[in-house]
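Residue numbers (our numbering), protein chains in the order written: chain B, 1 to 205; chain U, 1001 to 1104.
Using N, Cα and C, we set each Cβ at its ideal position, and we do this for glycine too.
Have a look at the structure below, then the notes.
Right under this line is the structure:
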């Protein structure tokens, strides 16, 4: 195993999600490679710190709106800067048009969607702030990120209104809380049988 | 006869393509509430370090390849996990840490 492969499986190994042979290969590499050893130690510390974090933290009231206001302000500044740049670089316009065409072709032929990050963030912030302005309580669905009521019952937005990655893989984000807790959920029954006072059954594997 | 067979093949191929796509939900098929959730989770995802993003994408690929019954089981467990009262959730986390330390 080389450094690149080792770093790819490091987190999965800490989550207990690699095969025995992968774990062995990783261990052998980490023992031999100082850089990966310190990376592994850093990752372990990070996990330990994450484990110590409280499950829920209280956030100040109005934080969401303040964050959205800040995002909108940054987006407006960026748009303004882009508009100034456009007038100066008008002769270069065919170049981004060609890039956009290439991107479109790549998307249609199944390549992973690329993200225009600032534009994507603007669209998300705009979509969320539009809906935040018209709160309409509704019951939460089965796999929510946060246990709070829905804010909207409006018509769905079109895929063009959201970032390409969101339109292409909505399930990735819809199921994000499950993905983040995958190990806990896969071994849910086993974990619940563990005795924290010292006589844990430990579950399978 | 040959054109008939070609037509059947075409219909089967289109059906298979449709079935493959039907597995994952499309954005426009989500309810407004689900779309909101997707956008919020997307924002959180964007805040994560690239390494963690890649890790979650790999997990998603694994999740996608799971049988529907397994995914349903995970959703049900997630629902159960979410509904745990704070004290029980805390206890669950202690159990999880202990379980995990035994596995490492």
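Across the structure, residue 1101 of chain U and residue 169 of chain B are spaced so that their CA atoms are roughly 34 Å apart. Contacts between residue 187 of chain B and chain U, judged by CB atoms closer than 8 Å, involve 1099 in chain order.
For residue 195 of chain B, no alpha helix (DSSP H) run applies, since DSSP gives it neither H nor E.
For the options B:197, B:195, B:179, the alpha carbon positioned closest to that of residue 1077 of chain U is the one of B:179.
Separation of residue 193 of chain B and residue 1084 of chain U (C-alpha to C-alpha, rounded to the nearest whole angstrom) is 15 Å.
Against chain B, a Cβ distance below 9 Å from residue 1053 of chain U picks out nothing, because the smallest value is about 10 Å. Assignment of residue 1031 of chain U by DSSP, reduced to helix, strand and coil, places it in the coil class. According to the DSSP assignment, residue 1048 of chain U belongs to no alpha helix (DSSP H), since it is labelled neither H nor E.
Per DSSP, residue 171 of chain B is one residue of the alpha helix (DSSP H) stretching across 170–174. For residue 11 of chain B, the closest Cβ of chain U is nearer than 9 Å. Across the structure, residue 1031 of chain U and residue 196 of chain B are spaced so that their CA atoms are roughly 41 Å apart.
Residues of the stretch 26–39 of chain B whose Cβ lies closer than 9 Å to any Cβ of chain U: none. For residue 1086 of chain U and residue 1046 of chain U, the gap between their C-alpha atoms comes out near 28 Å.
Pairing residue 27 of chain B with residue 65 of chain B, the inter-Cα distance amounts to about 46 Å. Under the criterion of beta carbons closer than 8 Å, residue 185 of chain B and residue 1081 of chain U qualify as touching, at roughly 7 Å. Nearest in C-alpha terms to residue 1055 of chain U, of all of B:77, B:126, B:11, is B:11. Put simply, the backbone Cα of residue 1090 of chain U is about 31 Å away from that of residue 1065 of chain U.
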